[in-house]
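Chains as they are written, first to last, in my numbering: chain A, 1 to 264; chain B, 265 to 375.
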Amino acid sequence: MELTVEGISKNFKNENTVQTVLKDLSFTVREGQFATLLGPSGCGKTTLLTIIAGFQAASGGRVMINGAQVTRPGPDRGFVFQNYALFPWMTVRENILYPMKQRRVPAKEREKRFKELLAMAQLEGKEKLYPHQLSGGMKQRVAFIRALAGRPEVLLMDEPLGAVDMQMRQSLQEDLEALWLKDKTTVVMVTHDVDEAIYLSDRVIVMSAREGKIVDDMPVRLPRPRDRKGMEYQKHKEHLAEALKVAVGRQAETAVTEGKLCLA
Amino acid sequence: MGYSKGAMQLFDPLIDSLRQVPIMAWVPLTIVWFGLGDGPTIFLIAFSGVFPVILNTVAGVQNISKDYYNAARSMGAGPWSIFSKIIVPASLPDILIGGRVAIGLGWMSVI
Ligand SMILES: Nc1ncnc2c1ncn2[C@@H]1O[C@H](COP(=O)(O)OP(=O)(O)OP(=O)(O)O)[C@@H](O)[C@H]1O
Ligand SMILES: [Mg+2]
């Protein structure tokens, strides 16, 4: 598996102006890598992720899976939504079986995989509940295993822990990591939390507020599970915090030039 | 109709204009169509019920979060599965409200 983002651009046309959100963005994520897109709010992370998913079209460039261009959503790219988007009219069981039924997995295999996933996410006994009967953390885990159920080539996650409060966030990161380690699916995750990025990823791509330009692409080679208080961990954190300053700083720069243009 | 913009633009003005016509105005017309007797009554009851059902269904379908479509599509769902497993159950509450209003209106037109 290899995910290639090649020269992706995205413009949004407002009434009389054109906003360039992404400009000529390229990177490759290799098999089994946990890659994270980090950047200030509004820099185009969600836009990029949804373009990879095929939910919206790019203005230029292409997305390729194993060398073949993809333009529409497909089961090769699983997606975890920030609000989970679990189907409220289906039980946990039905939600998880849904992608397998779409892929015509034989009933016997479906049951086996279902049991496996349920155990993996420690959700045994919850299969008959509806999403509104679950806690936030449980919903998050259901969303994660639902996205994995159809065995996607790559898992795309848009701030999967964004809806969770800070205290619970760290323990959910640990759950997420444990789940991911059992499966090692290729991941592209979006976040704007530096600590979350370092804790979970093999690689952090920092996007600038200005046209989503990549300002840093940092590997994280620390052994898992990671010690948040460790020296190396802290160094990585400092490094990313600096990179984020650059990413945000460019925004101020554009704001200034745009301001001048408006005055003129 | 809630799903497709084109269909919406086509049918919306028609439905809206028909809906504006008060129920009593249909009485002479239906008598011409069905003659005297139970025919017009049944027609009017059914007729007055059609609009709330259609309108609520459209509203219901439009209210479905785009995330549900996208989620289904990224799990490999085809058009039929999206219709039967996503659109219908997701808009069912609104359809049922339409049905309830319809029964109410139907009763009104009996009187
Ligand atoms: N459909 C759209 N139409 C017009 N502009 C859009 C649209 N979607 C996104 N944008 C603009 O594109 C920019 C990037 O949005 P995006 O949602 O990708 O940011 P983000 O990096 O995910 O931010 P956050 O961290 O807050 O989620 C924003 O300025 C936003 O206003
Ligand atoms: Mg976003």
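Glycine included, each C-beta is placed from N, C-alpha and C at the ideal position.
**Request:** List the residues of chain A whose Cβ lies closer than 8 Å to the Cβ of ALA335(B), in chain order.
**Result:** PHE79, PHE81, ALA85 and PHE87
**Item:** Amino acids of chain A, ordered along the chain, whose beta-carbon sits closer than 7 Å to that of PRO353(B)
**Value:** TRP89
**Cβ neighbours of ALA149(A) in the same chain (closer than 7 Å, five flanking residues each side left out)** = ILE96, PRO99, MET100, ARG113 and LEU117
**Message:** Between LEU181(A) and MET189(A), how many whole angstroms is the CB-CB distance? I'm expecting something under 8 Å.
**Reply:** Contact flag wrong, Cβ pair sits at about 15 Å.
**Message:** Threshold first: 4 residues or longer. Then list the alpha helix (DSSP H) segments lying entirely within the stretch 63 to 104 of chain A, N to C.
**Reply:** 92 to 102
**Request:** Show which residues of chain B have a CB atom less than 8 Å away from the CB atom of ALA53(A).
**Result:** ASN334 and SER338
**Request:** Have a look at VAL194(A), LEU161(A) and ARG210(A) and flag the residue whose alpha-carbon is nearest the alpha-carbon of THR238(A).
**Result:** One detail in the question is off: residue 238(A) reads as Glu in this sequence, not Thr. With distances taken between Cα atoms, GLU238(A) lies closest to VAL194(A).
**Request:** Return helix, strand or coil for SER41(A), following the three-state DSSP convention.
**Result:** coil
**Complete alpha helix (DSSP H) runs within the stretch 152 to 232 of chain A (minimum length 4 residues, chain order)** = 166 to 181 and 194 to 200
**Message:** Just checking: is the beta-carbon of SER345(B) within a distance shorter than 9 Å of some beta-carbon in chain A?
**Reply:** yes
**Prompt:** Of all Cβ atoms in chain A, is any one closer than 9 Å to the Cβ of SER348(B)?
**Reply:** no
**Asked** Name the residues in the stretch 212 to 228 of chain A whose C-beta lies less than 7 Å from a C-beta of chain B; which are they?
**Response** Legend: CB atoms of the stretch 212 to 228 of chain A lying less than 7 Å from CB atoms of chain B are not found in any residue.
**Prompt:** Can you tell me where the beta strand (DSSP E) with LYS13(A) in it begins and where it stops?
**Reply:** 2 to 13
**Message:** Rounded to the nearest angstrom, what separates GLU211(A) and VAL142(A) at their Cα positions?
**Reply:** 34 Å
**Item:** Segment limits, beta strand (DSSP E) that includes LEU25(A)
**Value:** In the DSSP annotation of this structure, the continuous segment of the beta strand (DSSP E) that includes LEU25(A) starts and ends at 18 to 30.
**Prompt:** Got a sec? Which residues, its chain only, sit under 7 Å from HIS192(A) by beta carbon, not counting five neighbours each side?
**Reply:** So the qualifying residues of the chain are LEU38, GLY39, PRO40 and SER41.
**Request:** Give me the Cα-Cα distance between GLY78(A) and VAL154(A), rounded to the nearest whole angstrom.
**Result:** 6 Å
**Request:** List the DSSP bridge partners of PHE34(A).
**Result:** DSSP lists VAL187(A) as partners of PHE34(A).
**Request:** For ALA323(B), go through chain A and note every residue whose CB falls closer than 9 Å to its CB, in chain order.
**Result:** The contacting residues do not exist; ALA323(B) stays about 18 Å from chain A at best.
**Prompt:** Just by C-beta distance, which residues in the stretch 93 to 116 of chain A are closer than 7 Å to chain B?
**Reply:** Residues passing the 7 Å Cβ filter: TYR98, PRO99, GLN102 and ARG103.
**Prompt:** GLY150(A) touches chain B at which residues, Cβ-Cβ below 7 Å?
**Reply:** MET339 and GLY340
**Prompt:** Counting pairs of beta carbons, one from the stretch 55 to 69 of chain A and one from the stretch 9 to 23 of chain A, are three or more of them closer than 8 Å?
**Reply:** yes
**Item:** Any heavy atom of ligand 2 nearer than 7 Å to the CB - residues listed
**Value:** Those satisfying the condition are, in chain order, LYS45(A), THR46(A), ASP158(A), GLU159(A) and VAL190(A).
**Message:** I believe MET138(A) touches LYS128(A) by the beta-carbon criterion, under 8 Å. Please report the beta-carbon distance rounded to the nearest angstrom.
**Reply:** No, MET138(A) and LYS128(A) are not in contact; Cβ-Cβ is about 13 Å, not under 8 Å.
**Prompt:** Cβ-heavy atom distance between SER41(A) and ligand 4 below 8 Å?
**Reply:** Ligands present in the displayed structure are limited to ligand 1 and ligand 2, and ligand 4 is not among them.
**Inter-residue spacing [alpha-carbon to alpha-carbon] between PHE34(A) and VAL248(A)** = 24 Å
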